[in-house]
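> Mind having a look at this structure? Questions to follow.
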Amino acid sequence: MNSNWSTQTKVGEFVEDNILCAQTFEDLSIDFCCGGETSLENACLDTGLEPEDVLNRLRGLENPKTGQEGDLNSVTPGQLTLQIESEHHEYLKKALPRIAELLTKVLSAHGDRFPELIVLEVKFAELREELEPHLLKEERVLFPLIRKLESEELGQNMKAVSGPIRVMLKEHDQAGDLLKNIREITAGFKVPEEGCQSFRLLYEELKFLEKDTHLHIHKENNILFEKIKPVN
Numbered sequence: 011m012n013s014n015w016s017t018q019t020k021v022g023e024f025v026e027d028n029i030l031c032a033q034t035f036e037d038l039s040i041d042f043c044c045g046g047e048t049s050l051e052n053a054c055l056d057t058g059l060e061p062e063d064v065l066n067r068l069r070g071l072e073n074p075k076t077g078q079e080g081d082l083n084s085v086t087p088g089q090l091t092l093q094i095e096s097e098h099h100e101y102l103k104k105a106l107p108r109i110a111e112l113l114t115k116v117l118s119a120h121g122d123r124f125p126e127l128i129v130l131e132v133k134f135a136e137l138r139e140e141l142e143p144h145l146l147k148e149e150r151v152l153f154p155l156i157r158k159l160e161s162e163e164l165g166q167n168m169k170a171v172s173g174p175i176r177v178m179l180k181e182h183d184q185a186g187d188l189l190k191n192i193r194e195i196t197a198g199f200k201v202p203e204e205g206c207q208s209f210r211l212l213y214e215e216l217k218f219l220e221k222d223t224h225l226h227i228h229k230e231n232n233i234l235f236e237k238i239k240p241v242n
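In terms of the working numbering, the sequence shown is numbered consecutively and its last residue is 242.
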């Protein structure tokens, strides 16, 4: 727990200080990635929660051990880009086609009884079309540039990443909106009673995709890009 936490602390800072806060925010439907700049108080007001109650819940979380994922402030921007690629990019490259195939299977079997699956297929396709080119832009342009400039004299050279970062932030917002759409379509990933095992697996996959992508975007918006900002 950070003794400086208050209801005015930005939600992204909670996760930056203690990665375990991410799951609490997920459980409470508080956006800590694209909405990371929002204060806890305002985030709670948006979701009908009592700020002090949520703050006390966050304060009750244990701190993760040093060196684990909760200690991202100690790594350089270049090191963080490699961590994001190996953990989140690799996951998405495997998960997106796997979920698409599973969704097609479930839609074929249950689309007549659950028409929301048709809308879900459209929104998931939009999300995939958003994320896959996004990963390539980061891997081929932004991340190599960050590592290159980091190995040289930083100085004002980091201004070269300002344009690509603005593009990434906009695309993060778009992905975040699509994830919200998917959560709404699935009623919070609630499987119908008649849903088969594949139906359940699909919703579990989508729920994990949301969780991982929220954390992925948080690391970039609220940690990686903030590490670069002071030298812009």
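In this text, a Cβ means the ideal position worked out from N, Cα and C, and glycines have one as well.
1. Per DSSP, what kind of secondary structure is K200 in: helix, strand or coil?
2. Does G22 come out as helix, strand or coil in the three-state DSSP assignment?
3. Less than 8 Å between C-beta atoms, sequence neighbours within five positions excluded: which residues of the same chain meet that for T76?
4. Any chance you could list the alpha helix (DSSP H) runs of at least 4 consecutive residues sitting entirely within the stretch 63-116, in chain order?
5. Work out the CA separation of E181 and H144 for me, nearest whole Å.
6. Hey, how far is the Cα of L97 from the Cα of I175?
7. Is it buried or exposed for A32, if we count other Cβ within 10 angstroms and need 16 for buried?
8. Does the distance from the CB of E60 to the CB of T17 come in under 7 Å?
9. Can you give me the start and stop residues for the alpha helix (DSSP H) that T57 sits inside?
10. Do you know how far the Cα of G186 is from the Cα of I238?
11. Would you mind giving the Cβ-Cβ distance between D222 and C44, rounded to the nearest angstrom? I have them listed as a contact below 8 Å.
12. Express the C-alpha separation of L92 and E100 in angstroms, rounding to a whole number.
13. If you draw a straight line from the alpha carbon of A135 to that of A110, how long is it in whole angstroms?
14. Nearest-angstrom Cα distance between L112 and S208?
15. I'd like the list of long-range same chain contacts for A196, defined as Cβ closer than 7 Å, with 5 residues on each side in sequence excluded.
16. Take E149 as the anchor and find which of K103, D122, F124 and T57 has the nearest alpha-carbon.
17. So what's G173 in DSSP terms, helix, strand or just coil?
18. Ignore the nearest five residues each way along the sequence and tell me which others in V25's own chain have a CB closer than 6 Å to its CB.
19. Thinking C-beta only, is G70 closer than 7 Å to R157?
20. At what residues does the alpha helix (DSSP H) containing S208 begin and finish?
21. Which same chain residues, not among the five before or five after Q78, have their C-beta less than 6 Å away from its C-beta?
22. Where does the unbroken alpha helix (DSSP H) through K147 begin, and where does it stop?
23. Residues in the same chain with beta-carbon distance under 7 Å from L38, minus the five sequence neighbours each way, listed in chain order, please.
To lay it out plainly:
1. coil
2. Under the three-state reduction of DSSP output, G22 falls in the helix class.
3. Only weak support is given to the placement of T76: the predicted model assigns it a pLDDT of 45, under 50, and the value that follows is read from those uncertain coordinates. In its own chain, leaving out the 5 sequence neighbours on each side, no residue places its CB closer than 8 Å to the CB of T76.
4. 87-94
5. 7 Å
6. In the sequence as displayed, the identity of residue 97 is Glu instead of Leu. If you take the alpha carbons of E97 and I175, they lie about 20 Å apart.
7. buried
8. no
9. L50 to T57
10. Computed Cα separation, rounded: 22 Å.
11. With a Cβ gap of about 15 Å, D222 and C44 do not count as contacting.
12. 11 Å
13. 8 Å
14. 7 Å
15. The sequence shown places Thr at residue 196, rather than the Ala named in the question. Excluding positions up to five away in sequence, the list reads L130, Y213 and L216.
16. K103
17. helix
18. C31, A32, F42 and H228
19. Cβ distance not < 7 Å, so R157 and G70 don't count as in contact.
20. Q207 to H228
21. Confidence at Q78 is low in this model, with a pLDDT of 46, below 50, so its placement is unreliable and no value can be given for it.
22. E126 to K147
23. Scanning its chain for C-beta atoms nearer than 7 Å, with the 5 sequence neighbours on each side dropped, one finds around L38 the residues T57, L59 and V64, in chain order.
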